[in-house]
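Take a look at the structure below.
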Amino acid sequence: MSQLNQLELQNLRHLIGSHETAYQKLSTYAQQATDPQIKQMFQKSAQDAQNTKQKLMSLLS
54 MSQLNQLELQ NLRHLIGSHE TAYQKLSTYA QQATDPQIKQ MFQKSAQDAQ
104 NTKQKLMSLL S
């Protein structure tokens, strides 16, 4: 992969932070949910956000 310029790096960091925030919020919502289907939906969405964050972070190495 070619070198990232400053703007691309800044955007990538922003995306990583956004996915981390989404993961934290969705995990909290899942913990608070009482309906099993809603709980499962939040858990899956949280895991998807975490997976995307990891993929984005791999672009930095």
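For what it's worth, my numbering labels the leading residue of the sequence shown as 54, then goes sequentially.
Quick reminder that beta carbons are idealized off the backbone N, C-alpha and C, glycines included.
Exposed or buried, which one is residue i when buried takes at least 16 other CB atoms within 10 Å?
| i | result |
| --- | --- |
| Lys106 | buried |
| Leu79 | buried |
Rounded to whole angstroms, what's the CA-CA distance from residue i to residue j? Just pull it up for me.
| i | j | result |
| --- | --- | --- |
| Gln100 | Arg66 | 19 Å |
| Ser71 | Ser114 | 19 Å |
| Glu73 | Pro89 | 24 Å |
| Glu61 | Leu68 | 10 Å |
| Met110 | Gln59 | 16 Å |
Check this for me: beta carbons of residue i and residue j, under 8 Å apart or not?
| i | j | result |
| --- | --- | --- |
| Phe95 | Ala86 | yes |
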